[in-house]
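Residue numbers (this note's numbering): 171 to 301.
Everything below concerns the one structure shown next.
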């Protein structure tokens with residue numbers, strides 16, 4: 171399973187990438203929203219993990235463009251923005267889950283696995299598997 175992590179904080183990005191690789195996932199990491207958008211459109215990912223506040227495009231804009239293009243890839247926001255309005259905004263823009271920093275890696279991993287289980291039934295995932 172391929173995961174794209176878009177996180178501009180180096181320590182958090184490395185921690186996420188390392189932990190997800192150790193859990194058996196293939197992980198690409200980018201540090202800007204612009205790079206996240208290019209990667210999301212250029213490759214088939216099973217999950218996107220997006221920070222909200224990133225250089226270039228923010229996570230809100232990335233998910234807006236991904237959803238506008240009809241991509242059904244599951245998206246998990248991982249961000250320090252913990253207000254109810256922020257969580258509602260992320261979910262209404264099309265995120266499948268929203269986790270606030272700081273977080274326990276075990277919870278993140280459980281959410282990732284849950285999203286991937288649900289994502290396996292989407293048409294995009296079926297097409298990806300058939301390739």
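Using N, Cα and C, we set each Cβ at its ideal position, and we do this for glycine too.
Keep in mind that this is a model prediction, so the values were computed, not measured.
Residue 247 - DSSP class collapsed to helix/strand/coil: For this step, residue 247 is matched to residue 77 along the chain shown. Of the three classes helix, strand and coil, the one that applies to residue 247 here is strand, per DSSP.
Start and end residues, beta strand (DSSP E) containing residue 176: Numbered from 1 along the chain shown, position 6 holds the residue referred to as residue 176. Counting along the chain, the beta strand (DSSP E) containing residue 176 begins and ends at 172-176.
6 Å CB neighbourhood of residue 260 in its chain, flanking five on each side removed: The sequence position of residue 260 within the chain shown is 90, counting from 1. The residues are 247, 268.
Presumed contact (8 Å Cβ cut-off) between residue 266 and residue 285, rounded CB distance: If you number the chain shown from 1, residue 266 lands on position 96. If you number the chain shown from 1, residue 285 lands on position 115. Contact between residue 266 and residue 285 holds: their C-beta atoms lie close to 5 Å from each other, under 8 Å.
N- and C-terminal bounds of the beta strand (DSSP E) containing residue 215: Looking up residue 215 in the chain shown gives position 45. Segment: none, residue 215 is in no beta strand (DSSP E) and carries neither H nor E.
Beta-carbon contacts of residue 233 that lie in its chain and below 7 Å, excluding the five residues immediately before and after: To locate residue 233, count along the chain shown from 1; it is residue 63. Its chain contains 220, 245, 263, 264, 265 as the residues whose beta carbon lies nearer than 7 Å to that of residue 233, once the 5 sequence neighbours on both sides are disregarded; these appear in chain order.
Within 8 Å, strictly: CB atoms of residue 187 and residue 175: The count along the chain shown starts at 1 and reaches residue 187 at position 17. The count along the chain shown starts at 1 and reaches residue 175 at position 5. The answer is yes: Cβ separation under 8 Å.
Closest by C-alpha distance to residue 237, when choosing among 271, 207, 274, 254: For the purposes of this step, residue 237 is identified with residue 67 of the chain shown, where counting begins at 1. Checked all of 271, 207, 274, 254; the closest Cα to residue 237 is 207.
Minimum C-alpha distance to residue 183 - residue among 173, 211, 199, 275: To locate residue 183, count along the chain shown from 1; it is residue 13. 199 is the residue among 173, 211, 199, 275 whose C-alpha sits nearest the C-alpha of residue 183.
Outcome for residue 192 when other beta-carbon atoms lying within 10 angstroms are tallied against a minimum of 16: Here residue 192 refers to the residue found at position 22 when the chain shown is read from its first residue. Under the 10 Å beta carbon count, residue 192 is surrounded by fewer than 16 other beta carbons and is classified as exposed.
Unbroken alpha helix (DSSP H) run spanning residue 255, endpoints: Position 85 of the chain shown, counting from 1, holds the residue named residue 255. It spans 254-262 - the alpha helix (DSSP H) in which residue 255 sits, taken as one unbroken run.
CB-CB length for residue 273 against residue 189, believed under 8 Å: On the chain shown, position 103 is the one that residue 273 refers to. On the chain shown, position 19 is the one that residue 189 refers to. Not a contact, Cβ separation roughly 11 Å.
Top-ranked residue by Cα proximity to residue 241, from 212, 249, 287, 179: Taking the chain shown and counting its residues from 1, one reaches residue 241 at position 71. Selected option, being the one with the closest Cα: 212.
Residue range of the unbroken beta strand (DSSP E) whose run includes residue 269: Mapped onto the chain shown, residue 269 falls at position 99. For residue 269, the enclosing beta strand (DSSP E) begins and ends at 267-270.
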